[in-house]
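Let me begin by presenting the structure, written as C-alpha cells, before commenting on it.
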Amino acid sequence: MNMNNQSIFIIVFFFSLLLVTSSTYVEIKQLVPTTFTVNKVNSSKIIVGVSWDGTNEADDEYVVGRLNCFSNAVTILNSPQDHVFGDHNTTYELAVHKTDVLVKCRTGKVDIVNWKNVFYFRT
Ligand SMILES: *[C@@H]1O[C@H](CO)[C@@H](O)[C@H](O)[C@H]1NC(C)=O
Ligand SMILES: *[C@@H]1O[C@H](CO)[C@@H](O)[C@H](O)[C@H]1NC(C)=O
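For reference, each letter of the sequence shown is one residue, going -23 to -1, 1 to 100 in mature numbering (1 follows the signal peptide of the UniProt record, and there is no 0).
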C-alpha cells in the first residue's frame, strides 16, 4: 500500500464510521398543536377549535383530547374526547355564564407524548 492508497482507505473508513453514527439517530414520534380558534356563536355559547399535526403518527393512533378552563364564567360541555391522530382537529362546546370575562384555558392531547397549551380569550 503506498501513501495515497492508505489515505484513501482512511478517508473511506472514516466516512463509514460517520454513516454508522448517523444511522443510529432514532425516529421521533410527536404530536403538535397547530391552531386554536375561538368562535362566539352567541352570548351563551362559544366553540373552541383545536387542530394538530405531527410526525410518525399513524392515522389510527388513539388520542384523548382535553380542554380545561380556569373560570366559572364557562362550562365545557364535551371534554374529554376520544380521537385518532388522523382526525387532525376537534371542537369543544362551551356554555357561557358571564360575558366580558377573560378566561384562561388549557388544552392537551394524550398519546405516547403529552402536550398542554394555555390560551386566553374574552367571553
Ligand atoms: C345560542 O346558540 C345555540 C346553538 O346555536 C342555541 O341553542 C341557543 O339557543 C342560542 N342562545 C341564544 C341566547 O341565542
Ligand atoms: C379538520 O380536519 C379535516 C381532515 O381530517 C380537514 O378536512 C378540515 O379542514 C379540518 N378543519 C379545520 C378547521 O382545521
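Where a beta carbon is used, it is the ideal one built from N, C-alpha and C, also for glycine. Treat the numbers as computed from the prediction; the structure is a model and nothing was measured.
Chain-order list of residues whose beta-carbon lies under 7 Å from that of V61 (same chain, five-residue window excluded): Counting only Cβ-Cβ distances below 7 Å, and skipping sequence neighbours, we find D36, D37, E38, Y39 and V40.
Looking only at its own chain, which residues have a Cβ that is under 8 Å from the Cβ of E34, when we skip the five neighbours before and after it? Answer for E34: K6, Q7, L8, F62 and D88, listed in chain order.
Assigned secondary structure, D64 (DSSP; H/G/I helix, E/B strand, else coil): In the structure shown, D64 sits in a helix (DSSP, three-state: H, G or I).
In chain order, what residues have a CB nearer than 6 Å to some heavy atom of ligand 1? That query returns the following residues: V18, N19, S20, S21 and K22.
Report whether the distance from the Cβ of N66 to the nearest heavy atom of ligand 2 is below 8 Å. Yes, ligand 2 has a heavy atom inside 8 Å of this Cβ.
Taking the CB atoms as reference points, tell me whether Y69 and V3 lie closer together than 9 Å. Contact annotation: Y69 and V3 have beta-carbon atoms that are not nearer than 9 Å.
Would you mind listing the beta strand (DSSP E) stretches within the stretch 11 to 68 that are 3+ residues and don't spill past its ends, in chain order? Taken in chain order, the whole beta strand (DSSP E) runs of length 3 or more contained in the stretch 11 to 68 are 22 to 32, 39 to 46, 51 to 53 and 58 to 61.
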